[in-house]
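In this note's numbering, the protein residues as written are 33 to 322. Data first, discussion second: the structure below is written as C-alpha coordinates.
Shown next, in the form of C-alpha coordinates:
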(Lines of atoms letter the chains of each structure in order from A and count residues from 1; the text may use other names and numbers.)
(Lines give C-alpha, C1' and ligand atoms only; values in the text may rest on other atoms or scores of the structure.)
Protein backbone atom coordinates (compact mmCIF):
# COMPACT_ATOMS: atom_id res chain seq x y z
CA UNK A 1 0.00 0.00 0.00
CA UNK A 2 1.19 3.51 -0.83
CA UNK A 3 0.46 6.07 1.88
CA UNK A 4 0.84 9.85 2.02
CA UNK A 5 1.13 11.36 5.52
CA UNK A 6 0.93 15.07 6.25
CA UNK A 7 2.29 16.10 9.64
CA UNK A 8 4.75 13.24 9.30
CA UNK A 9 7.29 14.80 11.68
CA UNK A 10 4.80 14.99 14.57
CA UNK A 11 4.34 12.51 17.39
CA UNK A 12 1.67 10.41 15.71
CA UNK A 13 2.87 10.95 12.14
CA UNK A 14 6.42 9.76 12.75
CA UNK A 15 5.26 6.70 14.70
CA UNK A 16 2.71 5.82 12.00
CA UNK A 17 5.34 6.18 9.27
CA UNK A 18 7.67 3.78 11.12
CA UNK A 19 4.90 1.22 11.63
CA UNK A 20 3.83 1.34 7.98
CA UNK A 21 7.39 0.96 6.74
CA UNK A 22 7.98 -1.90 9.15
CA UNK A 23 5.15 -3.88 7.60
CA UNK A 24 6.36 -3.11 4.08
CA UNK A 25 4.18 -0.20 2.99
CA UNK A 26 5.52 2.64 0.85
CA UNK A 27 5.29 5.94 2.77
CA UNK A 28 5.76 9.52 1.61
CA UNK A 29 5.66 12.32 4.14
CA UNK A 30 4.64 15.94 3.72
CA UNK A 31 6.28 18.70 5.75
CA UNK A 32 7.46 22.29 5.42
CA UNK A 33 10.94 21.16 4.37
CA UNK A 34 11.86 18.38 1.96
CA UNK A 35 14.00 15.46 3.14
CA UNK A 36 14.54 11.80 2.36
CA UNK A 37 11.04 10.39 1.83
CA UNK A 38 9.47 13.77 2.61
CA UNK A 39 8.07 16.29 0.11
CA UNK A 40 6.78 19.83 0.68
CA UNK A 41 3.22 21.08 0.43
CA UNK A 42 4.14 22.84 -2.79
CA UNK A 43 4.95 19.49 -4.38
CA UNK A 44 1.38 18.23 -3.98
CA UNK A 45 -0.73 18.10 -7.14
CA UNK A 46 -3.88 16.24 -8.20
CA UNK A 47 -1.67 14.13 -10.47
CA UNK A 48 0.57 13.15 -7.54
CA UNK A 49 -2.47 12.03 -5.56
CA UNK A 50 -2.96 9.27 -8.11
CA UNK A 51 0.18 7.62 -6.74
CA UNK A 52 -1.37 6.88 -3.33
CA UNK A 53 -3.91 4.45 -1.94
CA UNK A 54 -4.45 6.27 1.35
CA UNK A 55 -3.88 9.84 2.56
CA UNK A 56 -3.49 10.49 6.28
CA UNK A 57 -3.87 14.18 7.15
CA UNK A 58 -2.38 14.96 10.58
CA UNK A 59 -1.27 18.54 9.89
CA UNK A 60 -2.02 21.26 12.41
CA UNK A 61 -0.55 23.93 14.68
CA UNK A 62 0.21 22.74 18.21
CA UNK A 63 -2.53 23.66 20.70
CA UNK A 64 0.02 24.05 23.50
CA UNK A 65 0.73 27.61 24.63
CA UNK A 66 -1.42 30.56 25.66
CA UNK A 67 -4.36 31.03 23.34
CA UNK A 68 -3.97 34.59 22.16
CA UNK A 69 -6.15 35.76 19.30
CA UNK A 70 -3.26 35.10 16.91
CA UNK A 71 -2.62 31.62 18.34
CA UNK A 72 -6.28 30.64 18.02
CA UNK A 73 -6.33 31.83 14.42
CA UNK A 74 -3.27 29.68 13.67
CA UNK A 75 -4.82 26.64 15.37
CA UNK A 76 -7.98 26.99 13.29
CA UNK A 77 -6.43 27.97 9.96
CA UNK A 78 -3.66 25.37 10.03
CA UNK A 79 -6.21 22.58 10.35
CA UNK A 80 -9.03 23.82 8.17
CA UNK A 81 -6.91 25.26 5.36
CA UNK A 82 -4.70 22.16 5.08
CA UNK A 83 -7.75 19.90 4.97
CA UNK A 84 -9.44 22.06 2.33
CA UNK A 85 -6.26 21.80 0.22
CA UNK A 86 -6.01 18.02 0.65
CA UNK A 87 -9.68 17.55 -0.16
CA UNK A 88 -9.40 19.65 -3.32
CA UNK A 89 -6.32 17.76 -4.51
CA UNK A 90 -8.02 14.42 -3.96
CA UNK A 91 -11.29 15.35 -5.65
CA UNK A 92 -9.46 16.84 -8.65
CA UNK A 93 -7.36 13.70 -9.13
CA UNK A 94 -8.35 11.44 -12.03
CA UNK A 95 -7.40 8.36 -9.99
CA UNK A 96 -7.77 9.49 -6.37
CA UNK A 97 -6.79 7.58 -3.24
CA UNK A 98 -9.57 5.32 -1.98
CA UNK A 99 -9.37 6.57 1.59
CA UNK A 100 -8.69 9.77 3.51
CA UNK A 101 -7.88 9.42 7.20
CA UNK A 102 -8.60 12.91 8.48
CA UNK A 103 -7.44 13.74 12.01
CA UNK A 104 -9.77 15.24 14.59
CA UNK A 105 -9.81 15.28 18.38
CA UNK A 106 -11.84 14.57 21.50
CA UNK A 107 -12.32 18.31 21.82
CA UNK A 108 -15.14 17.87 19.29
CA UNK A 109 -17.51 17.06 22.16
CA UNK A 110 -16.58 19.91 24.48
CA UNK A 111 -16.71 19.54 28.24
CA UNK A 112 -19.53 17.15 29.16
CA UNK A 113 -19.08 16.28 32.82
CA UNK A 114 -19.84 12.63 33.58
CA UNK A 115 -21.68 11.95 30.32
CA UNK A 116 -20.29 9.04 28.29
CA UNK A 117 -19.45 10.21 24.78
CA UNK A 118 -19.64 7.88 21.80
CA UNK A 119 -19.29 8.84 18.14
CA UNK A 120 -22.97 9.83 17.93
CA UNK A 121 -22.69 12.43 20.72
CA UNK A 122 -23.26 16.03 19.58
CA UNK A 123 -20.61 18.65 19.01
CA UNK A 124 -19.76 20.96 21.90
CA UNK A 125 -19.73 24.75 22.06
CA UNK A 126 -16.17 25.59 23.11
CA UNK A 127 -13.34 26.79 20.85
CA UNK A 128 -11.84 23.33 20.33
CA UNK A 129 -15.26 21.95 19.46
CA UNK A 130 -15.62 24.60 16.76
CA UNK A 131 -12.12 23.80 15.49
CA UNK A 132 -12.87 20.06 15.28
CA UNK A 133 -16.26 20.59 13.66
CA UNK A 134 -14.81 22.80 10.92
CA UNK A 135 -11.77 20.52 10.58
CA UNK A 136 -13.95 17.49 9.92
CA UNK A 137 -16.34 19.41 7.69
CA UNK A 138 -13.46 20.46 5.43
CA UNK A 139 -13.10 16.82 4.39
CA UNK A 140 -16.75 16.55 3.31
CA UNK A 141 -16.04 16.99 -0.45
CA UNK A 142 -14.01 13.77 -0.38
CA UNK A 143 -16.92 11.80 1.08
CA UNK A 144 -19.32 13.46 -1.38
CA UNK A 145 -17.08 12.19 -4.18
CA UNK A 146 -17.82 8.65 -3.00
CA UNK A 147 -14.47 8.03 -1.31
CA UNK A 148 -14.04 6.65 2.21
CA UNK A 149 -13.30 9.23 4.89
CA UNK A 150 -12.32 8.23 8.43
CA UNK A 151 -12.28 10.81 11.23
CA UNK A 152 -10.20 9.59 14.18
CA UNK A 153 -10.94 11.74 17.23
CA UNK A 154 -7.77 11.47 19.29
CA UNK A 155 -7.84 11.58 23.08
CA UNK A 156 -4.73 12.30 25.22
CA UNK A 157 -1.94 10.31 23.56
CA UNK A 158 0.51 8.91 26.10
CA UNK A 159 4.11 8.58 24.92
CA UNK A 160 7.62 9.03 26.22
CA UNK A 161 9.08 12.43 25.35
CA UNK A 162 8.08 16.08 25.45
CA UNK A 163 4.35 15.63 24.86
CA UNK A 164 1.45 15.66 27.32
CA UNK A 165 2.80 12.80 29.43
CA UNK A 166 6.27 14.34 29.50
CA UNK A 167 4.92 17.61 30.91
CA UNK A 168 2.73 15.83 33.46
CA UNK A 169 5.63 13.60 34.51
CA UNK A 170 7.91 16.60 35.04
CA UNK A 171 5.39 18.26 37.34
CA UNK A 172 4.89 15.02 39.24
CA UNK A 173 8.64 14.50 39.69
CA UNK A 174 8.78 18.03 41.13
CA UNK A 175 6.06 16.97 43.59
CA UNK A 176 3.61 19.34 41.90
CA UNK A 177 1.28 16.63 40.66
CA UNK A 178 -2.17 16.31 42.15
CA UNK A 179 -5.80 17.27 41.59
CA UNK A 180 -6.34 20.08 39.10
CA UNK A 181 -9.39 22.07 40.04
CA UNK A 182 -11.92 19.60 41.46
CA UNK A 183 -10.00 16.66 39.98
CA UNK A 184 -13.33 15.10 39.02
CA UNK A 185 -13.03 15.92 35.31
CA UNK A 186 -12.63 12.88 33.06
CA UNK A 187 -9.45 12.40 31.07
CA UNK A 188 -9.70 9.98 28.14
CA UNK A 189 -6.37 8.54 27.05
CA UNK A 190 -4.65 6.11 24.69
CA UNK A 191 -1.05 5.00 24.29
CA UNK A 192 0.89 6.05 21.21
CA UNK A 193 1.30 2.38 20.30
CA UNK A 194 -2.45 1.77 20.37
CA UNK A 195 -3.03 5.02 18.49
CA UNK A 196 -0.88 3.73 15.64
CA UNK A 197 -2.48 0.26 15.82
CA UNK A 198 -5.91 1.88 15.62
CA UNK A 199 -4.91 3.95 12.58
CA UNK A 200 -3.58 0.86 10.79
CA UNK A 201 -6.80 -0.97 11.69
CA UNK A 202 -8.90 1.86 10.25
CA UNK A 203 -6.81 2.07 7.10
CA UNK A 204 -7.15 -1.66 6.48
CA UNK A 205 -10.90 -1.82 7.20
CA UNK A 206 -14.00 -0.41 5.53
CA UNK A 207 -14.86 1.83 8.49
CA UNK A 208 -15.82 5.42 7.74
CA UNK A 209 -16.95 8.43 9.73
CA UNK A 210 -15.94 9.51 13.23
CA UNK A 211 -13.99 7.11 15.44
CA UNK A 212 -13.06 7.73 19.08
CA UNK A 213 -9.40 6.80 19.56
CA UNK A 214 -9.42 6.32 23.33
CA UNK A 215 -9.34 3.33 25.65
CA UNK A 216 -12.50 2.14 27.36
CA UNK A 217 -11.00 3.08 30.74
CA UNK A 218 -10.95 6.89 31.08
CA UNK A 219 -9.95 8.19 34.49
CA UNK A 220 -10.96 11.17 36.55
CA UNK A 221 -8.01 13.54 36.68
CA UNK A 222 -7.30 13.08 40.39
CA UNK A 223 -7.10 9.31 39.86
CA UNK A 224 -4.85 9.80 36.83
CA UNK A 225 -2.55 11.99 38.92
CA UNK A 226 -2.53 9.44 41.74
CA UNK A 227 -1.58 6.58 39.41
CA UNK A 228 1.14 8.66 37.75
CA UNK A 229 2.51 9.58 41.18
CA UNK A 230 2.56 5.92 42.18
CA UNK A 231 4.47 4.95 39.05
CA UNK A 232 7.00 7.76 39.55
CA UNK A 233 7.11 7.25 43.32
CA UNK A 234 6.18 10.83 44.04
CA UNK A 235 3.35 12.31 46.11
CA UNK A 236 0.42 13.46 44.00
CA UNK A 237 -1.95 15.09 46.42
CA UNK A 238 -1.06 18.79 46.17
CA UNK A 239 -4.13 20.45 44.59
CA UNK A 240 -4.02 23.29 42.09
CA UNK A 241 -7.10 25.52 42.24
CA UNK A 242 -8.94 25.84 38.99
CA UNK A 243 -8.87 29.62 39.20
CA UNK A 244 -5.07 29.52 39.35
CA UNK A 245 -4.95 27.46 36.15
CA UNK A 246 -7.36 29.83 34.42
CA UNK A 247 -5.36 32.87 35.49
CA UNK A 248 -1.98 31.32 34.68
CA UNK A 249 -2.79 29.47 31.46
CA UNK A 250 -5.95 31.17 30.27
CA UNK A 251 -8.46 29.45 28.01
CA UNK A 252 -5.91 26.80 27.03
CA UNK A 253 -5.52 25.70 30.67
CA UNK A 254 -9.25 25.23 31.09
CA UNK A 255 -9.68 23.35 27.82
CA UNK A 256 -6.75 20.96 28.21
CA UNK A 257 -6.72 20.44 31.98
CA UNK A 258 -10.15 21.19 33.45
CA UNK A 259 -12.64 20.19 30.75
CA UNK A 260 -14.22 16.76 31.14
CA UNK A 261 -14.47 14.29 28.23
CA UNK A 262 -15.43 10.69 29.00
CA UNK A 263 -15.03 8.93 25.67
CA UNK A 264 -16.27 5.49 24.69
CA UNK A 265 -14.52 3.84 21.70
CA UNK A 266 -17.77 2.39 20.38
CA UNK A 267 -16.80 2.06 16.70
CA UNK A 268 -13.43 0.41 17.39
CA UNK A 269 -14.95 -1.99 19.94
CA UNK A 270 -17.88 -2.93 17.71
CA UNK A 271 -15.47 -3.76 14.89
CA UNK A 272 -13.27 -6.03 17.00
CA UNK A 273 -10.31 -3.77 17.79
CA UNK A 274 -8.60 -4.60 21.08
CA UNK A 275 -6.35 -2.21 22.98
CA UNK A 276 -3.05 -3.69 24.13
CA UNK A 277 -2.57 -0.86 26.63
CA UNK A 278 -5.90 -1.00 28.43
CA UNK A 279 -4.85 -0.34 32.03
CA UNK A 280 -3.48 3.07 33.00
CA UNK A 281 -0.89 1.95 35.57
CA UNK A 282 0.56 -0.81 33.39
CA UNK A 283 0.68 1.57 30.44
CA UNK A 284 2.45 4.31 32.38
CA UNK A 285 4.96 1.85 33.81
CA UNK A 286 5.74 0.46 30.36
CA UNK A 287 6.19 3.90 28.83
CA UNK A 288 8.06 5.64 31.63
CA UNK A 289 10.30 2.74 32.67
CA UNK A 290 11.30 1.57 29.21
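Glycine included, each C-beta is placed from N, C-alpha and C at the ideal position.
Straight-line spacing of the CA atoms in residue 74 and residue 178 works out to 26 angstroms. In this structure, DSSP gives residue 139 a helical state, which the three-state scheme calls helix. In this structure, the alpha-carbon of residue 61 lies about 42 angstroms from that of residue 267.
For residue 75, no alpha helix (DSSP H) run applies, since DSSP gives it neither H nor E. Within the DSSP bridge table, the entry for residue 319 names no partner.
For residue 183, the enclosing beta strand (DSSP E) has its first and last residue at 180–186. According to DSSP, residue pairing for residue 34 in a beta bridge involves 58. Residue 198 carries a helical assignment under DSSP once its states are collapsed to helix, strand and coil. In this structure, residue 185 sits away from residue 223, with a CB-CB distance that is not shorter than 8 angstroms. A straight-line Cα-Cα distance of about 12 angstroms links residue 155 and residue 167. DSSP places residue 298 within a helical segment (H, G or I) once states are collapsed to three. Following the DSSP letters along the chain, one finds residue 132 inside the beta strand (DSSP E) bounded by residues 131–134. Within the model, the alpha-carbon separation for residue 151 versus residue 38 is close to 24 angstroms. For residue 52, the secondary structure class from DSSP, reduced to helix, strand or coil, is helix. Put simply, the backbone Cα of residue 216 is about 7 angstroms away from that of residue 254. For secondary structure counted as the beta strand (DSSP E) over 3 or more consecutive residues, the region 213–287 holds these complete runs in sequence order: 221–223, 241–245. By the 16-neighbour rule on beta-carbons within 10 angstroms, residue 55 is exposed. The three-state reading of DSSP puts residue 40 in coil, since its state is none of H, G, I, E or B.
With a threshold of 16 other beta carbon atoms within 10 Å, residue 89 meets it and is buried. Rounded to the nearest whole angstrom, the C-alpha separation of residue 153 and residue 164 is 14 angstroms. Secondary structure of residue 169 (DSSP, three-state): helix. With a beta-carbon spacing of about 5 angstroms, residue 149 and residue 295 fall inside the 8 angstroms limit used to define contacts.
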